[in-house]
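These notes concern the structure reproduced below.
Numbering (the working numbering), first residue to last: 1270 to 1468.
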């Protein structure tokens, strides 16, 4: 079951998610993919953005953001794989990380543990889908070489990306939470005022 903090996300929340994903995609293509890092592997800024959005907004936003970001990553050059692989992987990662949204404290280590787990799961899932689709570049030998470096690079980049997303969304979320605290559901109000359903 998907846990969304609100039944219908506000327009500001949707716009915030779109801006975060667009910036992550642009930085991934224009900066991260050009970094001359050992192992010819780069940090996955889009995955980090999906994880951060899922931690802030919940699993429903994580699924939608993961699918949209993954589909964009599947299409934007230099995409050289079957369309839909990143969409599936990011969608699943967004859902799983969104499940931890309720337990997340902005000062805790949950975001960075989620990034490490997301990077590990993302790399393995991407390789597994490649093996199922017959991609010759997906093999256990390649995956075992890629996974440690991919997780390391993502964890190193995570403080910058995750902290930025948490900071940008923090003001919007605190405003929503303070408004929610002031609202009293009708059933609770009836119970507090002594008016039961039988009255």
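Using N, Cα and C, we set each Cβ at its ideal position, and we do this for glycine too.
Values in this document were obtained by computation on a predicted structure and should not be read as measured data.
Proximity below 9 Å, CB of residue i to CB of residue j
| i | j | result |
| --- | --- | --- |
| residue 1322 | residue 1289 | yes |
| residue 1369 | residue 1326 | no |
| residue 1381 | residue 1360 | no |
| residue 1341 | residue 1319 | no |
| residue 1293 | residue 1317 | yes |
| residue 1306 | residue 1422 | yes |
| residue 1298 | residue 1345 | yes |
Cβ-heavy atom distance, residue i to the ligand COA, below 8 Å
| i | result |
| --- | --- |
| residue 1316 | The ligand COA is absent from the structure shown, which contains no ligands of any kind. |
Presumed contact (8 Å Cβ cut-off) between residue i and residue j, rounded CB distance
| i | j | result |
| --- | --- | --- |
| residue 1386 | residue 1324 | Wrong, their Cβ atoms sit about 12 Å apart, outside the cutoff. |
| residue 1392 | residue 1424 | 12 Å between Cβ atoms; not a contact. |
| residue 1312 | residue 1426 | 4 Å |
| residue 1334 | residue 1363 | 6 Å |
Sequence-distant residues of its chain with Cβ nearer than 6 Å to residue i (five each side left out)
| i | result |
| --- | --- |
| residue 1389 | 1420 |
| residue 1402 | 1351 |
| residue 1301 | 1311, 1312, 1314 |
| residue 1358 | 1391, 1394, 1395 |
| residue 1355 | 1339, 1342, 1343 |
| residue 1444 | Any reading at residue 1444 is ruled out, since the residue's pLDDT is 48, under 50, leaving its predicted position unreliable. |
Residues near residue i by beta carbon distance below 8 Å, same chain, minus five either side
| i | result |
| --- | --- |
| residue 1367 | 1271, 1272, 1323, 1324, 1326, 1327, 1328, 1329, 1330, 1331, 1332 |
| residue 1406 | 1399 |
| residue 1447 | Note that residue 1447 scores 47 on pLDDT, short of 50, meaning its location in the model is unreliable; the coordinates nonetheless yield the value given after this. The answer is none, since no qualifying residue turns up. |
| residue 1428 | 1381 |
7 Å Cβ shell around residue i - same chain, five flanking residues per side excluded
| i | result |
| --- | --- |
| residue 1303 | none |
| residue 1310 | 1415, 1418, 1419, 1422 |
| residue 1438 | 1285, 1325 |
| residue 1440 | Below a pLDDT of 50, predicted positions are generally treated as unreliable, and residue 1440, at 47, falls in that range; the measurement from the model is reported next regardless. Cβ neighbours of residue 1440 beyond the five flanking positions: none. |
Discussion item. Using a Cβ distance threshold of 8 Å, determine whether the stretch 1415-1423 contacts the stretch 1389-1403, with at least three qualifying pairs required.
Written reply: Flag = yes, the stretch 1415-1423 and the stretch 1389-1403 touch.
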